[in-house]
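Student: One structure is given below, represented as structure tokens, and several questions about it will come after.
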Amino acid sequence: MKLKLILLFLIIAVSLPAEVITFLPSYRKVVFLTFDACETKTPSYFDKKILDFLIKNKIPATFFISGKFANRNRETLSEISKYNFFSIQNHSYDHNLHMEKMTDADIEMDLNKTSQLIAEITGKKPSLFRFPGGNYDNRSLKLVEDLGYRVVHWSFESGDPDKKMTSDLIFEKVKRNVKRGSIMIFHINGRGWHTSEALPQIINYLNSEGYHLELLENFLKNEKFN
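With the first letter of the sequence shown counted as 1, position 156 gets the number 156 in UniProt numbering; the numbers rise by one all the way through.
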């Protein structure tokens, strides 16, 4: 009987589908603030207004950083990695918007190169990954998971890369869509045009509604207790 149970467990474990996390159920009123940071056609840097606000208010935030962005922003990345309310994660090296078209070898090389660079700068290797543009297929997803990463995307888009999205529009979109377990996505590479103006409104609203901000990494480590 014991052998049958072990075999059944192994069969289930092997057949479990790869997973993209877009929402994290919890009995607690917890939500997650995430920021993407990648290179654009021109050199990109951390949005200082956003960083200053997050640091001043000690707001838990998870940053998905591309390798090129990390390399260009080494000093700032090293500094912010010292805050225990920040988490630095992998967002690929070149920010290829169609990693599903890359070979297995190229995907593995890309992720390893990025994680090694982030570990070199921050002293800690990422455990989470976010596909650029949210684009993937079953093969690329399984490969990333086999490399030891959990893939985390988002519950809804804030729309902040759109210049037409004013701070009020961003706030209203968050207010309309956020709920317990939501993973919010913004940009901190200078392409979140009105994000720094919207954040105080968003944080005040979340606090007034009793939401608790938490790091993805910490929550996932203790998932069964949340």
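The beta-carbon is built from N, C-alpha and C at its ideal position, and this holds for glycine as well.
1. Just to confirm my understanding: we take residue 129, look at its own chain, exclude 5 residues before and 5 after, and list those with CB closer than 6 Å. What are they?
2. Should residue 189 go down as buried or exposed, given a rule of 16 or more other Cβ atoms within 10 Å for buried?
3. When you compare each of 118, 199, 124, 141 to residue 158 by their alpha carbons, which one comes out closest?
4. Is residue 36 closer than 7 Å to residue 187 when the C-beta atoms are compared?
5. For the candidate residues 195, 138, 177, whose alpha-carbon lies nearest to that of residue 162?
6. What do you get for residue 210, buried or exposed, if any count of 16 or more other CB atoms within 10 angstroms of its CB means buried?
7. Starting from the Cα of residue 40, find the closest Cα among 78, 165, 132 and give me that residue.
8. Return helix, strand or coil for residue 36, following the three-state DSSP convention.
9. My output table needs one value for residue 105: the three-state DSSP class, helix, strand or coil.
10. If you reduce the DSSP assignment to three classes, tell me which class residue 177 lands in.
11. Can you list, in chain order, the residues of its chain with a C-beta nearer than 7 Å to that of residue 69? Leave out the 5 residues immediately preceding and following it.
12. Return yes when the Cβ of residue 22 is within less than 7 Å of the Cβ of residue 167, no when it is not.
13. Helix, strand or coil for residue 185 per DSSP?
14. Looking only at C-alpha atoms, which of 18, 59, 108 sits nearest to residue 203?
15. Leaving out five residues before and five after residue 141 in sequence, what residues of the same chain have Cβ atoms less than 7 Å from its Cβ?
16. Would you give the residue range spanned by the alpha helix (DSSP H) that residue 76 belongs to?
17. Within the same chain, show all residues whose beta-carbon is closer than 7 Å to that of residue 220, passing over the 5 residues directly before and after it, in chain order.
18. Within a Cβ cutoff of 6 Å, which residues of the same chain sit near residue 98, ignoring the five residues on either side of it in sequence?
19. Please tell me whether residue 216 and residue 64 are closer than 7 Å, where the distance is taken between their beta carbons.
20. So which of 172, 182, 78, 178 has the shortest CA-CA distance to residue 197?
21. Grouping DSSP H, G and I as helix and E and B as strand, with all else coil, what is residue 51?
22. Excluding the 5 residues flanking residue 147 on each side, which residues of the same chain have their C-beta closer than 7 Å to its C-beta?
Tutor: Reading off the structure:
1. 90, 144, 149, 151
2. buried
3. 199
4. yes
5. 195
6. exposed
7. 132
8. strand
9. helix
10. helix
11. 37, 38, 39, 44, 189
12. no
13. strand
14. 59
15. 18, 20, 151
16. 74 to 80
17. 150
18. 135
19. no
20. 172
21. helix
22. 108, 111
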